[in-house]
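Residue numbers (the numbering used here): 3 to 304.
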Ligand code: AMP
Ligand code: ZN
């Protein structure tokens, strides 16, 4: 079987065995209670570990100010992944033209305006502007989750356009932040291995756009500022179940976040893709989660 048809077969199997609901759009699926039990079970494990470390819990909506993404230079790096919200703001004549275009089957998107809101492209982005100012001694630790949008339609069931991400974010002095990311890399591997997933930790890079992005991709690898925990599922490349990003002072300079001593803070975030973890579990242990190893089911509370 080719990679593509295996991907389509797994997507179909997830729908046929009652985990996903087809919407007709690649990468956009409804979830059943059976699937939610797995993602929420795993999410709870990560959130609990963060809470034991004293993390503050935050939750932002799946939309955020586009201005924040612009400030964070998201459009320089990932323009093709971004989705913005446009709405109808016209008058009655405009409304008549809109309806005429819709019934003629024309492209009516240009009759919508405003892009003040973007769909959240990573759980941590809405957090940084709220941290502007001086951090308490030792910095902060925040755990947050969100529905994420990325415009990357694909047949791969593990490459969704709309998916859930649990992130823990550490903001504070450089050495503490770097150590915290290291700690979570080993915790992440341990956690996924305990669930029976034979994962590996790899140096990684973000998919920076275009020719200019090639250099950024190489630099990110050379700096070892992104790691991923990977497992082969049905893509040509192993699938990243979790990412561990060290931003140094990139976000704290943009949003002026300072440590108690007045220096710019460093930030790192670690993110788990909840659907990817669930799919990895279903692919590894089989599509009947009632027959999974007892310790896996107990760990997830399913
Ligand atoms: P990133 O911000 O790209 O490092 O993504 C964080 C985590 O989200 C990754 O490690 C994946 O587990 C998950 N993820 C990223 N992109 C997707 C996608 N298109 N579909 C599902 N999960 C994703
Ligand atoms: Zn992040």
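Cβ coordinates follow ideal geometry from the N, Cα and C atoms, glycine included.
In this text, all values refer to a predicted model and were calculated from it rather than measured experimentally.
Return helix, strand or coil for residue 297, following the three-state DSSP convention. helix
Over what stretch of residues does the beta strand (DSSP E) that includes residue 59 continue unbroken? 58-60
Use the C-beta contact count for residue 285: other C-beta atoms within 10 angstroms, 16 or more gives buried, fewer gives exposed. buried
Need the endpoints of the beta strand (DSSP E) that residue 130 sits in, please. First-last for residue 130: undefined, no H or E at that position.
Less than 9 Å between the beta carbons of residue 274 and residue 187, yes or no? no
Environment of residue 87 [buried if 16+ CB atoms lie within 10 Å]: exposed
Below 7 Å CB to CB, which residues in the same chain sit around residue 40 once its five sequence neighbours on both sides are set aside? 280, 283, 291, 302, 304
Evaluate residue 109 with the Cβ neighbour count: other Cβ atoms within 10 Å of its Cβ, from every protein chain shown; 16 or more gives buried, anything less gives exposed. exposed
Rounded to whole angstroms, what's the CA-CA distance from residue 31 to residue 150? Just pull it up for me. 13 Å
So residue 159 and residue 13 are in contact, right, with Cβ under 8 Å, and what is the actual spacing, rounded? 4 Å
Cβ of residue 224 within 8 Å of any heavy atom in the ligand ZN? no
If we ignore side chains and look at the alpha-carbon of each, how far apart do residue 176 and residue 259 end up? 13 Å
Should residue 84 be counted as a contact of the ligand ZN given a C-beta to heavy atom distance under 8 Å? no
Quick check: residue 64 and residue 148, are their CB atoms within less than 9 Å of each other? yes
Return the chain-ordered ranges of every alpha helix (DSSP H) run that is complete within the stretch 206-268 and spans a minimum of 4 residues. 212-225, 252-256
Here's a check: name, in chain order, each residue in its chain whose Cβ is nearer than 7 Å to the Cβ of residue 4, leaving out the five neighbours to either side. Confidence at residue 4 is low in this model, with a pLDDT of 48, below 50, so the placement of that residue should be treated as unreliable; the coordinate-derived value is given next. Within the same chain, residue 4 has no close Cβ partners at all.
Check this for me: beta carbons of residue 118 and residue 69, under 9 Å apart or not? yes
Give the straight-line distance between the Cα atoms of residue 223 and residue 257, rounded to the nearest whole angstrom. 25 Å
Contiguous beta strand (DSSP E) assignments of at least 3 residues, all confined to the stretch 54-124: 58-60, 65-67, 86-89, 115-121
Tell me which same chain residues have a C-beta within less than 7 Å of the C-beta of residue 37, skipping the five on either side of it? 21, 22, 280
Restricting to Cα atoms, I'd like to know which of 240, 225, 226 is closest to residue 232. 240
Span of the beta strand (DSSP E), counted from its first residue to its last, around residue 25: 22-27
Which term fits residue 66, buried or exposed, when burial requires 16 or more other beta carbons within 10 angstroms of its beta carbon? buried
Residue 82 versus 123, 102, 43, residue with shortest Cα-Cα distance: 123
CB residue 142 to CB residue 174, shorter than 9 Å? yes
For residue 43, count neighbouring C-beta atoms within 10 Å of its own C-beta (all shown protein chains included) and say buried if the count is 16 or more, exposed if not. buried
Taking C-alpha atoms, which residue in 84, 95, 287 lies nearest to residue 120? 84
Please classify residue 163 as buried or exposed, where buried requires at least 16 neighbouring CB atoms within 10 angstroms. buried
Does the ligand ZN have a heavy atom nearer than 8 Å to the CB of residue 271? yes
According to DSSP, simplified to helix, strand and coil, what is residue 7? helix
Using only the alpha-carbon positions, how far apart do residue 27 and residue 161 sit? 13 Å
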